[in-house]
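2 protein chains.
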Amino acid sequence: MSASGEPTELPATAYAILGMLCFERELTGYDAKKWADASLRHFYWAPATSHVYRELARLEDRGLVESRGAEADEPRTKRVYRITAAGRAAVAAWAATPTDEAMVVKHPAALRVWLGHLVGAGDVRTIVERHIAQVRTRLGEIDESLAVAETLPGMDYPRAVLRWSRGVHQADLDGAIAFLAELVAQTAVQPPSTGRVTPVT
Amino acid sequence: MSASGEPTELPATAYAILGMLCFERELTGYDAKKWADASLRHFYWAPATSHVYRELARLEDRGLVESRGAEADEPRTKRVYRITAAGRAAVAAWAATPTDEAMVVKHPAALRVWLGHLVGAGDVRTIVERHIAQVRTRLGEIDESLAVAETLPGMDYPRAVLRWSRGVHQADLDGAIAFLAELVAQTAVQPPSTGRVTPVT
DNA sequence: CGTCTATGTTCCCTTTAGGAACATAGACGA
DNA sequence: TCGTCTATGTTCCTAAAGGGAACATAGACG
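Just so you know, the sequences run in chain order P and A.
In terms of my numbering, the first sequence is residues 48 to 248.
In terms of my numbering, the second sequence is residues 48 to 248.
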């Protein structure tokens with residue numbers, strides 16, 4: 048496996064998909080997408096459907112996965128992917144390689160709050176309240192995902208990662224709640240006449 | 048506000064850059080990039096340099112920023128950007144609009160740990176230890192950024208957001224440490240002979 | 001038998017991203 | 001005064017990602 052020089056490095060998404068194929072014997076693109084939405088999303092990313100299929104095609108080009116059509120008892124027109132030995136070696140090598148890429152937190156609500164001085168305190172409050180509701184929903188989703196992982200064997204690492212990322216989202220929630228409290232306290236004490244808002248030139 | 052039809056929606060990155068121009072009277076692309084690296088990165092993203100320039104060009108096309116060349120006493124060939132009234136209105140409108148976009152946590156280390164069963168426990172440990180070091184560094188950077196924000200007026204919201212995201216990164220660190228402890232405990236108890244690894248067909 | 005939802009995939013075009021290269025200013029020492 | 005080193009500042013090229021619509025079929029349910 049892994050001929051002299053790897054053709055080119057693959058993006059993390061490709062390895063994520065290869066990774067899924069290490070847990071499940073076979074997957075369709077659709078399965079992979081569902082899985083990503085349910086679990087991977089909470090600590091890495093949920094690629095677009097078209098992206099999943101593109102990656103699968105590329106992986107097959109490189110011999111890291113192989114595919115077959117539907118079988119007789121599966122009348123549906125579908126393509127089922129399975130990882131190859133080369134693929135398994137490639138993911139393992141990738142997973143064992145430390146990276147200097149840092150975690151990226153892309154937080155749309157925080158970005159808006161960052162610009163809070165441009166809008167009324169009421170608007171900021173709405174943003175944060177909605178964000179809090181969203182995060183609560185997400186914590187529920189993570190718990191569901193975690194519950195599923197409990198029932199499956201060989202999922203120790205995925206479970207640990209889900210717990211880990213659950214903590215991160217919980218901290219986000221706590222921070223949002225704390226900020227909201229601060230915001231409410233502040234606007235209660237000082238009436239909106241304080242000249243802190245939009246000192247436009 | 049919000050005129051009948053906006054030309055087309057801009058991506059969040061564009062608003063992030065417009066946002067910076069609300070804090071500072073004038074910025075070059077280089078300045079914007081540095082700022083993003085120092086602060087925005089911790090709760091949203093640090094766009095590539097080329098991306099920053101691209102966004103500035105687009106914003107100018109749309110009349111949301113305007114630019115001038117270097118002045119006599121600034122011999123360098125540079126372009127300095129400033130936000131326009133239209134730009135200010137656009138960011139304010141955007142910032143006040145709640146979004147349903149969820150937070151994305153892109154966590155390269157966690158993704159590798161997720162595949163822990165493919166590699167030795169020692170490799171997993173190395174990954175996590177390096178990640179812990181990285182996060183510690185980052186917490187330091189956030190504190191620095193926070194210290195800078197302390198000294199500037201009108202930075203209440205940015206400061207609050209930095210504190211908020213600091214908590215998120217702290218939770219990441221805590222989770223990593225907890226996981227590492229678990230990992231060490233487990234490998235101490237059960238020798239590496241457990242048949243948990245790659246049940247290949 | 002109709003139609004509704006879940007499963008499953010592909011195509012096409014746009015936008016976003018990131019690295020490398022390019023270019024110049026000033027600082028500092030030899 | 002001449003390298004050369006770092007900080008400043010920008011552009012170009014190509015790859016990756018996104019997203020939605022279209023296409024297709026199976027099974028469920030009334």
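Glycine included, every Cβ here is placed at the ideal spot set by N, Cα and C.
Original post:
Counting pairs of beta carbons, one from the stretch 215 to 226 of chain P and one from the stretch 205 to 219 of chain A, are three or more of them closer than 8 angstroms?
Top reply: yes
Original post:
Arg-109 of chain P and Leu-68 of chain P look like a contact to me (Cβ under 8 angstroms); what is the Cβ gap, rounded to whole Å?
Top reply: 13 angstroms between Cβ atoms; not a contact.
Original post:
Can you find a CB in chain A that lies within less than 8 angstroms of the CB of His-164 of chain P?
Top reply: yes
Original post:
Does the distance from the C-beta atom of Leu-158 of chain A to that of Tyr-91 of chain P stay below 8 angstroms?
Top reply: yes
**OP:** Assuming Val-152 of chain A contacts Val-160 of chain P (C-beta within less than 8 angstroms), just tell me the rounded distance between them.
**Re:** Going by Cβ atoms, the distance from Val-152 of chain A to Val-160 of chain P rounds to 18 angstroms, so no, they are not a contact pair.
Subject >> Beta bridge counterpart(s) of Ile-130 of chain P as assigned by DSSP >> reply: P:Val-112
Subject >> Distance, Arg-172 of chain A Cα to Leu-227 of chain A Cα >> reply: 7 angstroms
Original post:
CA-CA distance, Ala-232 of chain A and Ala-168 of chain A?
Top reply: 11 angstroms
**OP:** Identify, in the order they occur along the chain, each residue of the same chain with its Cβ nearer than 6 angstroms to the Cβ of Ser-86 of chain A, setting aside the five sequence neighbours on each side.
**Re:** Ser-192
**OP:** Compute the beta-carbon to beta-carbon distance between Trp-141 of chain P and Tyr-62 of chain P, rounded to the nearest angstrom, for a pair I have assumed lies under 8 angstroms.
**Re:** 5 angstroms
Original post:
Ends of the beta strand (DSSP E) at Val-182 of chain P?
Top reply: Looking at the DSSP string, Val-182 of chain P is not in any beta strand (DSSP E); the run it does join, the alpha helix (DSSP H), is 168 to 198.
Subject >> Residue interval of the alpha helix (DSSP H) (run including Lys-153 of chain A) >> reply: It is not in any alpha helix (DSSP H) - Lys-153 of chain A instead sits in the beta strand (DSSP E) that spans 151 to 153.
Original post:
In whole angstroms, what is the alpha-carbon distance linking Ala-149 of chain P and His-154 of chain A?
Top reply: 7 angstroms
Original post:
Between Val-127 of chain P and Ala-156 of chain P, which are expected to be in contact by the criterion C-beta below 8 angstroms, what is the C-beta distance as a whole number of angstroms?
Top reply: Wrong, their Cβ atoms sit about 39 angstroms apart, outside the cutoff.
Subject >> chain A residues whose Cβ lies nearer than 9 angstroms to that of Ser-259 of chain P >> reply: The structure shown does not extend to residue 259 of chain P, since chain P spans only 48 to 248, so no value can be given for it.
**OP:** Quick one: residues in its chain with C-beta nearer than 7 angstroms to the C-beta of Val-138 of chain P, no 5 flanking neighbours on either side, listed in chain order?
**Re:** Tyr-62, Leu-65, Gly-66, Cys-69
Original post:
CA-CA distance, Leu-235 of chain P and Ala-83 of chain A?
Top reply: It is worth fixing the name first, because residue 235 of chain P is Ala in this sequence and not Leu. The straight-line gap from Cα to Cα measures roughly 33 angstroms.
Original post:
How big is the Cα-Cα spacing for Ser-97 of chain P and Leu-103 of chain P?
Top reply: 10 angstroms
Original post:
For Leu-103 of chain A, which three-state DSSP category applies?
Top reply: helix
**OP:** List the residues of chain A whose Cβ lies closer than 7 angstroms to the Cβ of Val-215 of chain P, in chain order.
**Re:** Val-152, Val-215, Ala-218, Asp-219, Gly-222
**OP:** Within its chain, find whatever has a CB closer than 7 angstroms to the CB of Thr-27 of chain P; leave out the 5 residues flanking it on each side and keep chain order.
**Re:** Residue 27 of chain P cannot be examined here, being either before or after the span of chain P that is shown, 48 to 248.
Original post:
Is it right to say Thr-124 of chain P is buried, meaning 16 or more other beta carbons lie within 10 angstroms of its own, or is it exposed?
Top reply: exposed
Original post:
Shorter than 8 angstroms from the beta carbon of Gly-52 of chain P to some beta carbon of chain A?
Top reply: At Gly-52 of chain P the pLDDT is 36, less than 50, meaning the model places this residue with poor confidence and gives no usable figure here.
Original post:
Distance, Cα to Cα, Ala-196 of chain P vs Thr-144 of chain A?
Top reply: 37 angstroms
Subject >> Neighbouring residues, chain P, relative to Val-138 of chain A (Cβ below 8 angstroms) >> reply: Leu-162, Leu-165
Subject >> CA-to-CA distance, Arg-72 of chain P to Gly-201 of chain P, given in whole angstroms >> reply: 13 angstroms
Subject >> Alpha-carbon to alpha-carbon, Arg-115 of chain P and Tyr-100 of chain A >> reply: 46 angstroms
**OP:** Taking only beta-carbon positions, decide if Ser-49 of chain P is within less than 8 angstroms of chain A.
**Re:** Any answer about Ser-49 of chain P is weak, because its pLDDT of 33 lies below 50 and its placement is not dependable; what the coordinates show is given next. Ser-49 of chain P does not count as touching chain A.
**OP:** Return the chain-ordered list of same chain residues with a C-beta closer than 6 angstroms to the C-beta of His-89 of chain P, the five sequence neighbours on each side being excluded.
**Re:** Ile-189, Ser-212
**OP:** Please classify Pro-94 of chain A: is it buried, with 16 or more other beta-carbons within 10 angstroms of its beta-carbon, or exposed?
**Re:** buried
Subject >> C-beta atoms of Ala-218 of chain A and Gly-214 of chain P nearer than 8 angstroms >> reply: yes
Subject >> Short-range partners of chain P found in the stretch 176 to 192 of chain A, where Cβ spacing is below 7 angstroms >> reply: Arg-177, Gln-181, Arg-185
Original post:
By Cβ distance below 8 angstroms, which residues in the same chain neighbour Arg-185 of chain A in space, the five residues on each side in sequence not counted?
Top reply: His-89, His-216
**OP:** Just mark Pro-246 of chain A as buried or exposed, buried being the case when its beta carbon has 16 or more other beta carbons within 10 Å.
**Re:** Its pLDDT being 39, under 50, Pro-246 of chain A is placed unreliably by the model, and the measurement read from it follows with that caveat. Flag for Pro-246 of chain A reads exposed.
Subject >> Leu-162 of chain P - DSSP class collapsed to helix/strand/coil >> reply: coil
Original post:
Roughly how many angstroms lie between the CA atoms of Glu-113 of chain A and Glu-229 of chain P, to the nearest whole one?
Top reply: 36 angstroms
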